[in-house]
Amino acid sequence: MIPYIKRYLKNFDYPLFFVYLVLCLFGLVMIYSASYGWSVLNYGWEPDYFFKKQRLNLLLCIPAFLLTAFFPYKHYKNKAMMQFMLLIMFTLLFLVHIIGTGGESGSQSWIHLGFGNLQPSEVAKIIIVLYFAGIFAKKHENGTLDKLNESVGPPLIVLFFVFVSVMLETDVGNTMIIGFVAISVIAASGIKFKSFAKFIGLIGVVLTVGFFVIYMMKDQFITEKRLGRLEAFFHPFDYEQGYGYQIVNGYIAIGAGGLKGLGLGNSNQKFGYLPEPHTDFIMAIIAEELGLIGVLVVLCGLFFLVFKAIMIAISTKDPQARMIAAGIGSIIGFQTFVNLGGMLGIIPLTGVPLPFISYGGTSVILLSAAIGILMNVSMFTKYEKTKG
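For the sequence shown, the residue numbers in the working numbering are 1 to 388.
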């Protein structure tokens with residue numbers, strides 16, 4: 001075991017780890033800055049309540065990262081491992097509809113564990129990447145990658161049930177991300193364009209059927225709050241005292257920051273104007289306090305992680321490694337887009353957190369596990385190159 005660890009430590013991807021660590025620590029600082037007023041004024045809690053909870057979450061990120069960084073990624077395509085991952089994912093997705101909670105978000109997306117909350121859709125994103133990569137890696141090995149009539153059923157069935165389950169949680173943001181991530185993994189598999197187009201068509205059929213199932217249950221899915229958010233998306237200033245309140249105050253925060261910002265801790269919008277400023281609207285507080293410069297620094301960090309994942313995918317000769325790297329990069333990229341798109345009014349609000357920055361245990365812990373997996377792929381790729 002020790003030689004194995006030494007071998008991989010020689011190929012440790014320090015730039016990847018450094019940027020990941022800086023983003024997490026920067027997020028912790030901004031969570032404190034964004035939340036202390038909200039914590040006191042709205043809950044009567046200590047100013048550092050959310051800071052302390054996120055600090056604990058970051059401590060849990062350490063074992064999540066280390067376990068996945070030193071667990072050989074090739075094991076994820078073992079049949080028993082894939083079955084185990086699917087069992088965990090579907091069990092959690094089933095339980096969330098039985099005992100799930102959503103608080104004020106309107107989404108039944110969380111399982112309360114006593115010491116914290118778990119969001120199954122976050123687990124599903126990573127398992128979809130690993131499962132699809134494993135399935136298509138095996139198709140590579142047996143020469144059936146471009147034969148859609150062979151072994152294509154299981155991944156489509158899995159995607160269908162995940163799509164319907166997450167959509168029924170009214171978690172639209174993660175439903176979108178899961179769909180795009182699955183397509184990204186398939187695109188990175190090396191499949192021919194003609195076969196890829198056919199597979200996308202099949203996914204389209206699956207999603208259409210899923211939407212039909214959702215429509216049949218529209219009374220559960222199309223809530224008054226969700227309709228209000230949709231109306232506010234088109235005309236936020238017409239609903240600035242209602243469903244458009246968060247978007248409008250986000251705009252005010254962004255506009256107040258200018259180029260250099262008002263200074264760390266000097267936001268005005270976080271004091272009761274911008275709801276839950278430490279969660280999915282934390283970038284608005286970053287813009288207000290640190291200005292456009294602060295926003296660009298965060299975006300550069302997130303872009304680097306996505307770019308790094310793409311470069312790892314390009315540099316490896318192993319199809320499974322390529323698909324895993326592309327999938328993890330797409331999770332970070334699409335999640336960033338959905339978060340910022342909702343804040344800027346480009347797409348409807350979905351409540352998706354900003355990767356590594358927003359408050360939330362499930363997101364940052366599972367993203368840390370994903371970075372660990374990416375690290376393992378990177379180290380193995382470097383080792384294979386040095387081995388010749």
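For every residue, glycine included, the Cβ atom is placed at its ideal position computed from N, Cα and C.
{"Check": "Leu118 vs Ile111 beta-carbon contact at 8 Å", "Outcome": "yes"}
{"Check": "Stretch-stretch touch, CB-based, cutoff 8 Å, three pairs: the segment 63-80 with the segment 367-375", "Outcome": "yes"}
{"Check": "Beta-carbon contacts of Val377 that lie in its chain and below 8 Å, excluding the five residues immediately before and after", "Outcome": "Tyr73, Ile312, Thr316, Ala321, Ile324 and Ala325"}
{"Check": "Helix, strand or coil at Asn117 [DSSP, three-state]", "Outcome": "strand"}
{"Check": "Of the residues Gly265, Ile247, Gln269 and Tyr245, the one placed nearest Ala256, counting alpha carbons only", "Outcome": "Gln269"}
{"Check": "Cβ neighbour criterion (16 or more within 10 Å) applied to Gly114", "Outcome": "exposed"}
{"Check": "Status (buried if at least 16 other CB within 10 Å, exposed otherwise) for Pro63", "Outcome": "exposed"}
{"Check": "Contacting residues, own chain, Cβ-Cβ under 6 Å from Lys382 (five flanking each side not counted)", "Outcome": "Asn11"}
{"Check": "Buried/exposed call for His278, threshold 16 Cβ in 10 Å", "Outcome": "buried"}
{"Check": "Residue burial classification, Tyr243 (beta-carbon count within 10 angstroms, cutoff 16)", "Outcome": "buried"}
{"Check": "Buried versus exposed, by CB contacts within 10 Å (16 or more), Asp13", "Outcome": "buried"}
{"Check": "Asn142 classed as buried or exposed, judged by whether at least 16 other C-beta atoms fall within 10 angstroms", "Outcome": "exposed"}
{"Check": "Thr386 classed as buried or exposed, judged by whether at least 16 other C-beta atoms fall within 10 angstroms", "Outcome": "exposed"}
{"Check": "Under the three-state DSSP convention, the category Ile357 falls into", "Outcome": "coil"}
{"Check": "For Gly361 and Ile203, the rounded distance between their alpha carbons", "Outcome": "31 Å"}
{"Check": "Cβ contact check for the segment 174-187 and the segment 126-137: 3 or more pairs under 8 Å", "Outcome": "yes"}
{"Check": "Alpha carbon of Leu259 to alpha carbon of Ala80, nearest angstrom", "Outcome": "53 Å"}
{"Check": "Candidates Leu344, Gly341, Ile328 and Pro355, of which the one nearest Ala133 by Cα", "Outcome": "Ile328"}
{"Check": "Pairwise C-alpha distance: Val166 and Leu159", "Outcome": "11 Å"}
{"Check": "Assigned secondary structure, Thr101 (DSSP; H/G/I helix, E/B strand, else coil)", "Outcome": "strand"}
{"Check": "Buried or exposed (CB count within 10 angstroms, at least 16 for buried), Ile178", "Outcome": "buried"}
{"Check": "Counted within 10 angstroms of its Cβ, other Cβ atoms place Leu366 as buried (16 or more) or exposed", "Outcome": "buried"}
{"Check": "Cutoff 6 Å; reference Lys292; Cβ partners in own chain excluding five residues on either side", "Outcome": "Note that residue 292 is Leu in the sequence shown, not Lys. Contacts found: Leu259."}
{"Check": "Helix, strand or coil at His278 [DSSP, three-state]", "Outcome": "coil"}
{"Check": "Burial state of Pro47 (16 or more Cβ within 10 Å)", "Outcome": "exposed"}
{"Check": "Three-state secondary structure assigned by DSSP to Ile346", "Outcome": "coil"}
{"Check": "Straight-line gap, Ile98 to Gly261 (C-alpha atoms, nearest Å)", "Outcome": "45 Å"}
{"Check": "Nonlocal neighbours in the same chain, by C-beta distance under 7 Å from Phe271, ignoring five residues either side", "Outcome": "Gly37 and Leu41"}
{"Check": "Length of the line joining the Cα atoms of Leu87 and Ile157", "Outcome": "14 Å"}
{"Check": "Through-space distance from Thr91 to Phe212, alpha-carbon basis", "Outcome": "24 Å"}
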